[in-house]
Ligand SMILES: [Ca+2]
């Protein structure tokens, strides 16, 4: 058990004034999935039966956004965007890197206004400030490897009851470790003693294969395991919502559900394609004015907007450090202008050299600049099986797709309406040059505004040698960007893991 308790003096003072206010402040629950691609959620994939029944029920009583995106399709930096309301470029958290310069987070801001702050699962990845002390905190090991719906239910209920007793509003971040790899393989090894079996299992012949992946038996098997884990994520989601309802707090709680990044396959997670950034986003807000079951298919929203949205719902001023914009007006049925584009980036992955990408997407088109193209390869652990199969294929198109994935080209442009899986790069197509120019300009404007180091590389995109030289100066090793505290923390985590493995071995 690693429960931490902290009582901030400022929080206590603010609490008394909040609780005595005429109407109780709204509670906030942010529920996240780990690696749930949009195509693995039923709004966008209704061919696979019974995939997310609890989320569907929740959506039927709330609002779904059809054009919601993450701004960074990798776990820790994506969560940092959600919790700071800042793009990775402006916060400096461009990978598995914790906060160096203090900026307000959802947690610190709410705590200053009397909220308790709690977290279940993914604690390190969801604490932009490594030193942040949550009032209530349980990590994967206390939650059945982050995959026990029952334990999530119990902890959610405990925390809300505690907050009620303390007479304080709460913020709770509930992070499922599903459907992240290792997926639920019925014939495979279990990850922890309390890891639960999903309430429904899928077979390789019934799964849908997105067109960005080759339809091979090995891929279907892997996908069936992925969907097992998606179903268990939905089990956890259902249990957490049940716990909220059982405490009687649901009527005064803003609940937001979102994924941190796309599914862990090539052309999805850790990239800037549509399957990388597009995410299910579901909301229930007691003060909302939209009809239950509404789908917003008009506005483009992104996770940089989550922090200001949560603060506005709590009636708290939004700090001027924030890059995003509250979408609460949309939930009141109002219109918002300038909701046509989303920007995303990739910098440092968990291993290997930096592979910076910058992208702008709308409902119609997506443009990406790859700052590493031509001299560095893109590789991540989860892509090996699919890319090797594609390389060995007799199909020249598959071979080419595998090559493109590794090598990239400096610029990519896709017609997302007709090619949502980003198959056909239109960058050299004469018919699109005018619109490509507009998207380039949009991205350039965004990079300039955010003082993005990639802008200089972008300006030399026709000169690979210069790009390479600039990459060296602008992208030092990831280690050099980490604080001493983070390095020590990582070493301690490694030692803890080793000890746990040894313990498990000795007791089995
Ligand atoms: Ca993730």
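Residue numbers (this note's numbering): 1144 to 1651.
Positions of the beta carbon are idealized from the N, C-alpha and C atoms, including for glycine.
Small disclaimer: the values here were computed from a predicted structure and weren't measured.
Same chain only: Cβ atoms within 6 Å of residue i, ignoring 5 sequence neighbours per side
i            : result
residue 1162 : Confidence at residue 1162 is low in this model, with a pLDDT of 41, below 50, so the placement of that residue should be treated as unreliable; the coordinate-derived value is given next. Correct list, in chain order: 1310.
residue 1317 : 1174, 1263 and 1383
residue 1646 : none
residue 1444 : 1208, 1211 and 1470
residue 1372 : 1321, 1322, 1326 and 1327
residue 1182 : 1188 and 1353
residue 1219 : 1239 and 1268
residue 1436 : 1203
Closer than 7 Å: residue i CB and nearest ligand 1 heavy atom
i            : result
residue 1197 : no
residue 1526 : no
residue 1177 : yes
residue 1215 : no
residue 1284 : no
residue 1212 : no
residue 1558 : no
residue 1321 : no
residue 1490 : no
residue 1466 : no
residue 1318 : no
residue 1564 : no
residue 1404 : yes
Same chain, Cβ closer than 7 Å to residue i, five either side skipped, listed in chain order
i            : result
residue 1644 : none
residue 1273 : 1241, 1628, 1629 and 1632
residue 1343 : 1193 and 1374
residue 1324 : 1407 and 1525
residue 1361 : 1528 and 1532
C-beta atoms of residue i and residue j nearer than 8 Å
i            : j            : result
residue 1486 : residue 1502 : yes
residue 1504 : residue 1569 : no
residue 1415 : residue 1500 : yes
residue 1287 : residue 1338 : yes
residue 1350 : residue 1333 : no
residue 1180 : residue 1405 : yes
residue 1365 : residue 1528 : yes
residue 1377 : residue 1196 : yes
residue 1489 : residue 1217 : yes
residue 1314 : residue 1253 : yes
residue 1305 : residue 1279 : yes
residue 1464 : residue 1246 : yes
residue 1510 : residue 1583 : yes
residue 1308 : residue 1390 : no
Member of the options whose CA lies at the smallest distance from the CA of residue i
i            : options                   : result
residue 1479 : 1375, 1448 and 1498       : 1448
residue 1281 : 1538, 1265 and 1183       : 1265
residue 1434 : 1582, 1205 and 1394       : 1205
residue 1395 : 1641, 1640, 1634 and 1172 : 1172
residue 1222 : 1268, 1641 and 1235       : 1268
residue 1167 : 1511, 1363 and 1397       : 1397
residue 1599 : 1230, 1514 and 1201       : 1514
residue 1255 : 1283, 1198 and 1461       : 1461
residue 1450 : 1540, 1573, 1354 and 1224 : 1224
residue 1215 : 1616, 1233 and 1612       : 1233
residue 1187 : 1473, 1424, 1455 and 1547 : 1424
residue 1516 : 1178, 1606 and 1246       : 1606
residue 1482 : 1440, 1558, 1511 and 1410 : 1440
residue 1639 : 1261, 1284, 1176 and 1271 : 1284
residue 1576 : 1458, 1554 and 1565       : 1554
residue 1550 : 1530, 1294, 1389 and 1507 : 1530
residue 1400 : 1177, 1626 and 1635       : 1177
residue 1291 : 1473, 1319 and 1301       : 1319
residue 1260 : 1226, 1293 and 1419       : 1226
Min CB distance residue i to chain B below 8 Å
i            : result
residue 1358 : Judged by its chain identifiers, the structure shown contains no chain B, having just a single protein chain.
Status (buried if at least 16 other CB within 10 Å, exposed otherwise) for residue i
i            : result
residue 1623 : exposed
residue 1491 : buried
residue 1620 : exposed
residue 1524 : exposed
residue 1595 : buried
residue 1476 : exposed
residue 1518 : exposed
residue 1493 : exposed
residue 1165 : Low per-residue confidence applies at residue 1165: pLDDT is 48, beneath 50, and the placement is therefore not dependable, though the value from the model is reported in the following sentence. Under this definition residue 1165 is an exposed residue.
residue 1346 : exposed
residue 1358 : exposed
residue 1170 : buried
residue 1636 : exposed
residue 1608 : exposed
Residue i Cβ short of 7 Å to ligand 2 heavy atom set
i            : result
residue 1205 : Among the ligands modelled here, namely ligand 1, ligand 2 does not occur.
Neighbourhood of residue i by C-beta, 8 Å cutoff - its chain only, sequence neighbours within 5 removed
i            : result
residue 1593 : 1230, 1232, 1233 and 1466
residue 1495 : 1522 and 1523
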